[in-house]
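Only one structure is covered here, and it is reproduced in the block below.
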Amino acid sequence: MTAVTTAIKPRGALSQSVRDSLIVAKRNLIRMARIPEVVIFGLIQPIMFVVLFSYVFGGSISVGGNLSPDVYREFLMAGIFAQTVTFATAGAGAGIAEDMHKGLIDRFRSLPMARGAVLTGRTLADLVQTTLTVIVLAIVAVIVGWRVHEGIPKMLAGFGLLLLLGYAFSWIGALIGLTVRTPEAATSGGLIWLFPLTFISNAFVPSNNMPTVLRHIAEWNPFSATVQACRELFGNLPPNYPVPDAWPMQHPVLASVIWSVLIIAFFRTLSVRKYRSAAA
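Per this note's numbering: the sequence shown ends with 1124, consecutive numbering throughout.
Shown next as structure tokens:
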């Protein structure tokens, strides 16, 4: 009797990692679709921010010496968009913490799959959800008077920077979710540091009027770089708006990309290492 053996060519590490990540992302997207209230509640908060800030603070805050509510509304929207994508961090952390709490992560660890695929798949699913949220938010912004003045290509580039920042921050959420013990702790830990990050920035008011220390923090804040870049790409800066001299404010598009890439590289490395050490 002759034994016939079939050699199976092993898949490359990169292709396996991509395939496993997409499978996990699909699983999370299906799960999100089955719990639509999570998506709905995630839309309510940014819509409230748009309406409240537009009509409560519009006409009260000077932007480049202009108190027009319409000018402030356009100035504001890039900040609201950026705040929305970064606040998705809490959801990413809570989702991973919940999976760990229920033992799902342990089941993934027992499977022959790439170690980073679980986290990458989760962050990709969160990116899809964030994209849908931004689309709905943009529609609401147009309804209240926001407009883009620099054409479709620059508009798409601006939204691309926003989603890149949101994806970068989702890795911070992943690390938080792997570190804490409960989803509730992940939600609190994912939000508590976001409030000073977003408010000590140029999102809602020009940084020029801030005290010196806060102004420097705001101008070098990665959040501020993306907000400034989007305002330039959307054409939402008034003619007399004084652009700060800080390098990130003078080159916001490049600064936004650099900050986001650095955050992804740093926190993805820490998250995957944390995942592997927990699995050992």
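From the three backbone atoms N, C-alpha and C, an ideal C-beta is built for every residue, glycine too.
Please read all numbers here as calculations on a predicted model, not as lab measurements.
{"Check": "What does the Cβ neighbour count give for Thr1113, buried or exposed, with the cut at 16 atoms within 10 Å?", "Outcome": "exposed"}
{"Check": "Please identify the residue among Ser859, Ser1068 and Tyr899 whose C-alpha is closest to the C-alpha of Leu1006.", "Outcome": "Ser1068"}
{"Check": "Sorted by chain position, which residues of the same chain lie with C-beta nearer than 7 Å to Thr967's C-beta, five sequence neighbours on each side aside?", "Outcome": "Ala936, Tyr1011, Ser1014, Trp1015 and Ala1018"}
{"Check": "Less than 8 Å between the beta carbons of Glu918 and Asn1080, yes or no?", "Outcome": "yes"}
{"Check": "Identify the residues that DSSP records as bridge partners of Asn910: which are they?", "Outcome": "Val907"}
{"Check": "Does Trp1103 pass the burial test, meaning 16 or more other C-beta atoms within 10 Å, or should it be called exposed?", "Outcome": "buried"}
{"Check": "Straight-line CA distance for Phe931 to Leu1038?", "Outcome": "7 Å"}
{"Check": "Have a look at Thr1031 and Gly939 and give me their C-alpha separation to the nearest angstrom.", "Outcome": "9 Å"}
{"Check": "So Val988 and Val894 are supposed to be a Cβ contact under 8 Å. How far apart are they, rounded?", "Outcome": "6 Å"}
{"Check": "Whole angstroms is fine: what's the gap from Ala1153's alpha carbon to Phe1003's?", "Outcome": "Beyond the ends of the chain as shown, which are 845 and 1124, falls residue 1153; an answer cannot be given."}
{"Check": "Determine the direct distance from the alpha carbon of Asn872 to that of Arg878, and round the result to whole angstroms.", "Outcome": "10 Å"}
{"Check": "Buried or exposed: Ala847, going by 16 or more other Cβ atoms within 10 Å of its Cβ?", "Outcome": "Any reading at Ala847 is ruled out, since the residue's pLDDT is 42, under 50, leaving its predicted position unreliable."}
{"Check": "With DSSP collapsed to three states, give me the class of Lys998.", "Outcome": "helix"}
{"Check": "Give me the Cβ distance between Ile905 and Tyr916, rounded to the nearest whole Å; I'm assuming they're in contact under 8 Å.", "Outcome": "6 Å"}
{"Check": "Can you look up Tyr1119 in the DSSP assignment and give me helix, strand or coil?", "Outcome": "helix"}
{"Check": "For Leu1139, report the span of its alpha helix (DSSP H) as first-last.", "Outcome": "For residue 1139 there is no data in the structure shown, the boundaries of the chain being 845 and 1124."}
{"Check": "In the DSSP assignment, find the unbroken alpha helix (DSSP H) run with Val972 in it and report its ends.", "Outcome": "Ala961 to Ile987"}
{"Check": "Run through DSSP, which three-state label would Gly1010 get?", "Outcome": "helix"}
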